Amino acid sequence: MKINRGLKMQGDLKDRGKIKWTAMMLPEHVAQLREWQQEHDLVKKPELDAFDYDTMQEEIERALISRMETRLTSWKSGKIHYHRGIIKEANNQCLRYEDPYGIHQLPLDELVGVFVLT
């Protein structure tokens, strides 16, 4: 029996969503819909003020001193990314943190949030 991955259950109905309509559309329309969906999923960079930067600096200092696991939030190319690890080094250009997969660098201009996990 073949599994149809396009089916979604909505109550008692099996719905194929947009799949059933794409056969009736021109390829240009399908491409425009995909492009629109990608643009629709983009997130604007959060606007941070001086208080937010001070709070992030305090959290980074606390994480550096205590060597506690930290959740870092970054924004790049319209998407929010979450990182989790122990901060090893911080300077005025980048932040180095270690997770189970190795040591990574995160530019400070992409950083939008820091939270020390207890």
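What the sequence shown shows, in my numbering, is residues 306 to 423, in sequence order. The beta carbon of each residue, even a glycine, is placed where N, CA and C say it ideally should be. Note that the structure is predicted; figures quoted are calculated from it, not measured.
Sheet register partners of A395 (DSSP bridge) | BP columns for A395 point to L400.
Going by CA-CA distance only, name the one from H386, N397, R401 that's closest to I369.
-> A small correction: the amino acid at residue 369 is Leu; Ile does not occupy that position in the sequence shown. Nearest of H386, N397, R401 to L369, Cα basis: R401.
State the DSSP-derived secondary structure class of T360, mapped to helix, strand or coil.
-> In the structure shown, T360 sits in a helix (DSSP, three-state: H, G or I).
Give every residue of the same chain whose Cβ lies closer than 8 angstroms to the Cβ of N397, excluding the five residues on either side of it in the sequence, and list them in chain order.
-> In its chain, beyond the 5 residues on either side, L413 have a beta carbon closer than 8 angstroms to the beta carbon of N397.
Compare the beta carbon distance of L353 and K384 with 9 angstroms and say whether it is the shorter of the two.
-> Contact check for L353 against K384 fails: the beta carbons are separated by 9 angstroms or more.
Who are K381's beta bridge partners in DSSP?
-> According to DSSP, K381 bridges with K384.
Per DSSP, R339 is paired with what?
-> DSSP links R339 through a beta bridge to no other residue.
Relative to the C-alpha of I408, which residue among G390, E374, V417 is closest?
-> Measuring from the Cα of I408, the nearest candidate turns out to be G390.
Is it the case that the Cβ atoms of E344 and W380 are separated by a distance below 9 angstroms?
-> No, they are not a contact pair.
Less than 9 angstroms separating the beta-carbons of V417 and M373?
-> The Cβ atoms of V417 and M373 do not sit closer than 9 angstroms to each other.
Beta-carbon proximity list for Q465, same chain, < 6 angstroms, skipping 5 on both sides = Any question about residue 465 goes unanswered here, given that the chain covers just 306 to 423.
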